[in-house]
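Just below is one structure, and these are the notes that go with it.
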Amino acid sequence: MLKAQVLAGGRGKGAFTNGFQGGVHVVPVNKAAEVAGKMLGQNLVTKQTGKKGKPCNSLYVVEKFALERELYLAYLLDRNHGGPVIVSSTEGGMDIEEVAATRPDKILTTPVPIRTGLTKETAQTVASSLGFQGKQSEAMVDILIHLYTCFIKSDLLQLEINPLGVVSDGRIIVCDAKLNFDDNSTHRQAAIYSQRDPLQENKYEILAQKFDLSYIGMDGTIGCLVNGAGLAMATMDLIKLFGGSPANFLDVGGGAKENQIVEALRILQENPRVESILINIFGGIMRCDVIAAGLIAAIRKLGLNKPLVTRLKGTNLAEAMELIKNSGIRCIVTTDMEEAAKKAVVMSTVSTMAKEAGLNVNFF
Numbered sequence: 012m013l014k015a016q017v018l019a020g021g022r023g024k025g026a027f028t029n030g031f032q033g034g035v036h037v038v039p040v041n042k043a044a045e046v047a048g049k050m051l052g053q054n055l056v057t058k059q060t061g062k063k064g065k066p067c068n069s070l071y072v073v074e075k076f077a078l079e080r081e082l083y084l085a086y087l088l089d090r091n092h093g094g095p096v097i098v099s100s101t102e103g104g105m106d107i108e109e110v111a112a113t114r115p116d117k118i119l120t121t122p123v124p125i126r127t128g129l130t131k132e133t134a135q136t137v138a139s140s141l142g143f144q145g146k147q148s149e150a151m152v153d154i155l156i157h158l159y160t161c162f163i164k165s166d167l168l169q170l171e172i173n174p175l176g177v178v179s180d181g182r183i184i185v186c187d188a189k190l191n192f193d194d195n196s197t198h199r200q201a202a203i204y205s206q207r208d209p210l211q212e213n214k215y216e217i218l219a220q221k222f223d224l225s226y227i228g229m230d231g232t233i234g235c236l237v238n239g240a241g242l243a244m245a246t247m248d249l250i251k252l253f254g255g256s257p258a259n260f261l262d263v264g265g266g267a268k269e270n271q272i273v274e275a276l277r278i279l280q281e282n283p284r285v286e287s288i289l290i291n292i293f294g295g296i297m298r299c300d301v302i303a304a305g306l307i308a309a310i311r312k313l314g315l316n317k318p319l320v321t322r323l324k325g326t327n328l329a330e331a332m333e334l335i336k337n338s339g340i341r342c343i344v345t346t347d348m349e350e351a352a353k354k355a356v357v358m359s360t361v362s363t364m365a366k367e368a369g370l371n372v373n374f375f
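Written as structure tokens, this is what we have:
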């Protein structure tokens, strides 16, 4: 078995950018090098990667087992249950998402009380639901307990085994795994995070994490800088409503410092997809004049050259407007959220069209 090591699911049904189909292959030993050569160094595109795909710089090479059964097993932190749950199914394999959508009765969710942990009795119940009896049940209980220990000690949000295979001699094999770590645990999990591959992740998301910024990359052309997750979501909704597309979610939080605003704008300035920037600040805990001062300093420091729309509302608004007016920076300032979103969309559209035509546009 050759399995592309990229941070995405659906690899078996994916395709490489060179046209080679599939990120998982069963091959004879004498063909392994040839097939590997078509996979390594290419981007693999799956349902989870976006159009660009993820770079395949390593392969997992493992013995092919003749599986009698393919099962699904996962540990997750579940909000509804207020702690860990075991998600299990007798219908494991590539199409587990289809099973969840069309046959949800085939998927069992078992809560694990965080204070008591996974008991042997609960593990036996899960093992029985997967069809194990006798010595196989004992082996499955042992696997379940060890996986739970790994889940807790490694600060995981998700530990997914798909498939959990049963071979003809009765052995239970963990054939593949997907692990999702809690980023709040980096101080405890330094050894694990030292193995992080930045090529598999959005470089701007990694940069944002260094400055405690909540950033998620998207495929649009309007860069967003907002304080508050709810306002950030509403801002992106408005952009879509007026025909634009956000390039990111970026929440600087309620107490952002000047250096965080500088770094947030640096991310938007460096992102080649961003054609215009929309700053939307509601001054509650964070005063508008503090944001304005940070914005002015950031623009001067970065030499920001992308069209910028700033919407300010709330505490010390008048002082903020005066600061921006006297600063000489080039940007559109408004107190109306819809107006700001409309202008950001227009600027992005014009900038994109001008770039395609090889023209330069001065918005100010």
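For reference, each letter of the sequence shown is one residue, going 12 to 375 in the working numbering.
Just so it is clear, CB atoms sit at the ideal spot from N, CA and C, and this is done for glycine as well.
Quick caveat: nothing in here was measured; it's all calculated off a predicted structure.
{"Query": "Considering only C-alpha positions, which residue in the set G325, R114, I310 is nearest to M297?", "Result": "G325"}
{"Query": "Any idea which residues DSSP pairs K164 with across the strands?", "Result": "Bridge partners of K164: none, in fact."}
{"Query": "Can you give me the C-alpha to C-alpha distance between L110 and A365, rounded to a whole angstrom?", "Result": "The question names Leu, but residue 110 is Val in the sequence shown. Spanning the two alpha carbons is a distance of roughly 47 Å."}
{"Query": "For F192, tell me which candidate among L210, S165, A201, V320 has the shortest Cα-Cα distance.", "Result": "S165"}
{"Query": "Looking at the structure shown, is R80 part of a helix, part of a strand, or coil, going by DSSP?", "Result": "strand"}
{"Query": "Which term fits A77, buried or exposed, when burial requires 16 or more other beta carbons within 10 angstroms of its beta carbon?", "Result": "exposed"}
{"Query": "Rank F253, A44, S69, V40 by C-alpha distance to the C-alpha of N54 and give the top, closest one.", "Result": "S69"}
{"Query": "Please state whether DSSP places R311 in a helix, a strand or coil.", "Result": "helix"}
{"Query": "Would you please state the rounded distance, in angstroms, between the beta carbons of G21 and Q59? I believe it to be under 8 Å.", "Result": "6 Å"}
{"Query": "Am I right that G128 and Y159 are in contact with their C-beta atoms under 8 Å? What's the rounded C-beta distance?", "Result": "7 Å"}
{"Query": "By how many angstroms is the C-alpha of S196 removed from the C-alpha of E216?", "Result": "17 Å"}
{"Query": "G103 and L190: beta carbons closer than 8 Å?", "Result": "no"}
{"Query": "Just to confirm, are I278 and A219 a CB contact at a threshold of 8 Å?", "Result": "yes"}
{"Query": "Can you say whether A368 is buried or exposed, counting buried as having 16 or more other CB atoms within 10 angstroms of its CB?", "Result": "exposed"}
{"Query": "Beta-carbon within less than 6 Å of E274's beta-carbon, same chain only, minus the 5 sequence neighbours each way: which residues are those?", "Result": "F222"}
{"Query": "Compare the C-beta of V152 against all C-beta atoms of chain B and say whether one is closer than 8 Å.", "Result": "Checking the listed chains, one finds no chain B in this structure; it contains a single protein chain."}
{"Query": "Is S196 helix, strand or coil by DSSP?", "Result": "helix"}
{"Query": "Classify H36 as buried or exposed, calling it buried when 16 or more other Cβ atoms lie within 10 Å of its own Cβ.", "Result": "buried"}
{"Query": "Here's the rule I'm using: 16 or more other beta-carbon atoms within 10 Å means buried, otherwise exposed. How should N259 be labelled?", "Result": "buried"}
{"Query": "Quick one: give me the first and last residue of the alpha helix (DSSP H) that K324 is part of.", "Result": "Careful: K324 lies outside any alpha helix (DSSP H), inside the beta strand (DSSP E) at 319-325."}
{"Query": "Suppose you measure from the CA of I163 to the CA of Q135; what does that come to, to the nearest Å?", "Result": "19 Å"}
{"Query": "Can you tell me where the beta strand (DSSP E) holding V344 begins and where it ends?", "Result": "343-345"}
{"Query": "Tell me whether Q147 sits in a helix, a strand or coil according to DSSP, three-state version.", "Result": "helix"}
{"Query": "Between the C-alpha atoms of D248 and V38, what's the straight-line distance to the nearest angstrom?", "Result": "47 Å"}
{"Query": "Using the three-state DSSP reduction, which class does N41 fall into: helix, strand or coil?", "Result": "helix"}
{"Query": "From N270 to K42, what does the alpha carbon distance come to, in whole angstroms?", "Result": "53 Å"}
{"Query": "So, under 8 Å CB-CB, C299 and A351 are touching, yes? Tell me the CB distance rounded to an integer number of Å.", "Result": "Not confirmed; about 14 Å, so no contact."}
{"Query": "Nearest to R280 by CA position, among C235, L252, G254, L242, is which residue?", "Result": "In the sequence under discussion, the amino acid at residue 280 is Gln, which differs from the Arg named in the question. With distances taken between Cα atoms, Q280 lies closest to C235."}
{"Query": "The alpha helix (DSSP H) with L289 in it runs from where to where?", "Result": "First-last for L289: 287-294, but that is the beta strand (DSSP E), not the alpha helix (DSSP H)."}
{"Query": "Which stretch, first to last residue, makes up the beta strand (DSSP E) that contains D248?", "Result": "Not the beta strand (DSSP E): D248 falls in the alpha helix (DSSP H), residues 240-252."}
{"Query": "For S179 versus V137, is the C-beta spacing smaller than 8 Å?", "Result": "no"}
{"Query": "Beta-carbon within less than 7 Å of T101's beta-carbon, same chain only, minus the 5 sequence neighbours each way: which residues are those?", "Result": "L82, K117, L141, G142"}
{"Query": "Could you tell me the distance, in whole angstroms, from the CA atom of I343 to the CA atom of N373?", "Result": "13 Å"}
{"Query": "Nearer than 7 Å: is that true of the beta carbon of I307 relative to any heavy atom of the ligand MN?", "Result": "With respect to the ligand MN, the structure shown offers nothing to examine, as it has no ligands at all."}
{"Query": "Does the distance from the CB of K65 to the CB of Q211 come in under 8 Å?", "Result": "yes"}
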